[in-house]
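Read the structure below first, then the notes.
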Amino acid sequence: MKKATGAFFFFMATLVMWAVSVFFEILFNKRIELLPLLYGFSFYQFANWVCRKFISRDPLLVNTCVSLLHSSITSTSVMLILVKQLLSNGLDELFEHSQLVKVTWPWAYSALCISCGYFAYDQLDMLLYGLYSGWIPSILLHHFILLGCFTLALYRNVTINYLILTLICELHSIFLHVRKVRRMAGIRDAKSKSVKIEWFFNISTFLFARFLSHVLITVKLVKDASKFEKGVELPLALFGMAGMNLLNVSLGIDLFKAFRREIKRHNIHQS
């Protein structure tokens with residue numbers, strides 16, 4: 127573990143407080159529906175152990191492999207949930223305010239719990255192995271926002287379906303993690319067919335599954351603002367989406383710079 131910083135102590139403290147809160151809800155308030163959250167944390171921690179034992183002991187590679195597993199499982203789960211609802215209720219009813227706020231689609235609650243457990247695992251893994259940089263690491267801030275919004279929604283059992291929609295972005299995360307694994311494996315030829323295909327899916331899923339989907343969710347929240355009851359649901363949702371949209375802009379800029387670097391490096395190598 128690298129030298130502890132202010133960021134380490136802050137995000138570790140918030141993670142500990144989050145864990146205490148979850149155990150309190152399960153043990154004292156008998157919220158057994160939250161148990162998949164612990165199952166998710168344990169599953170991805172076990173996956174970490176398997177990767178560390180049989181693939182590599184490099185903390186970054188292990189973390190990336192587990193993140194790729196989560197993105198694949200979560201995006202598949204979300205798409206199955208949405209397809210089932212689309213076939214059952216149709217497109218119009220799927221995006222009704224009452225459906226998104228007061229109703230919970232089958233398996234949506236458990237899927238959100240498991241994904242929340244992953245974000246807790248990933249936050250802990252990055253903190254323990256120093257897989258972050260900067261005074262305010264964007265990846266730790268991202269997980270901090272998600273854990274706060276997801277957990278409060280799970281406690282109150284509201285806006286679950288809204289949050290399931292936000293997880294469509296995990297389709298893009300798949301290609302982010304594939305790119306990282308590819309580069310760690312030493313495959314960096316920007317003109318190779320496989321790398322071109324990867325970049326195509328990386329950019330297209332960023333635009334449609336992450337950036338556009340989160341903008342549309344934010345627009346939907348603003349449009350239906352008057353339909354929300356008084357409480358923390360709307361402010362919390364708007365705060366969470368504002369944070370994710372800002373992080374998406376930062377991620378988009380980083381992606382564009384990375385793409386230009388790979389093309390430039392290839393051109394220099396060719397010369």
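Read in this note's numbering, the sequence shown has 149 at position 23, and its numbers run on one by one without any break.
Beta carbons are placed, not taken as given, at the ideal position from N, Cα and C, and that holds for glycine.
Run the CB neighbour count on residue i, radius 10 Å, all protein chains shown included, and call it buried at 16 or more, exposed below.
i    : result
S241 : buried
P232 : exposed
N328 : buried
N283 : exposed
I286 : buried
M374 : Met is not the amino acid found at residue 374; the sequence shown has Asn there. Its Cβ being crowded by 16 or more others within 10 Å, N374 is buried.
T292 : buried
M370 : buried
Y244 : buried
I271 : buried
Rounded to whole angstroms, what's the CA-CA distance from residue i to residue j? Just pull it up for me.
i    : j    : result
A311 : E159 : 41 Å
V148 : L250 : 15 Å
L333 : S214 : 28 Å
Y165 : P185 : 22 Å
F354 : W144 : 26 Å
P162 : L238 : 9 Å
D218 : K228 : 16 Å
V258 : F172 : Note that residue 258 is Tyr in the sequence shown, not Val. Cα to Cα, Y258 sits roughly 22 Å from F172.
A351 : V204 : 25 Å
Among the options, which has the Cα closest to the Cα of residue i?
i    : options                : result
L141 : C295, I286, D248       : D248
S320 : V304, F332, Q171, K156 : V304
C406 : R309, P361, R336, G378 : Coverage of the chain is limited to positions 127 through 397, which leaves residue 406 absent and any answer about it impossible.
Y255 : R178, N155, V146       : R178
F137 : Y165, V188, A246       : A246
H268 : L217, S330, L377       : L377
K385 : S339, R314, L338, E151 : Note on identity: in this sequence residue 385 is Phe, with Lys being the wrong assignment. Out of S339, R314, L338, E151, R314 has the C-alpha closest to the C-alpha of F385.
L364 : H340, A133, L212, S203 : H340
N155 : G366, Y281, H223       : Y281
Y235 : N189, T200, L194       : T200
N189 : F382, M252, F134       : M252
With DSSP as the reference, label residue i as helix, strand or coil.
i    : result
F134 : helix
S182 : coil
S330 : helix
N287 : helix
R314 : coil
E355 : coil
The ligand FMN and residue i: does the residue's C-beta get closer than 7 Å to at least one heavy atom of that ligand?
i    : result
H268 : The model on display carries no ligand, and the ligand FMN is accordingly not part of it.
query = Should the stretch 206 to 216 be called in touch with the stretch 264 to 280, which here means at least 3 C-beta pairs below 8 Å?
reply = At 8 Å Cβ cutoff, the stretches do not touch.
ask   = Counting pairs of beta carbons, one from the stretch 285 to 305 and one from the stretch 255 to 262, are three or more of them closer than 8 Å?
value = no
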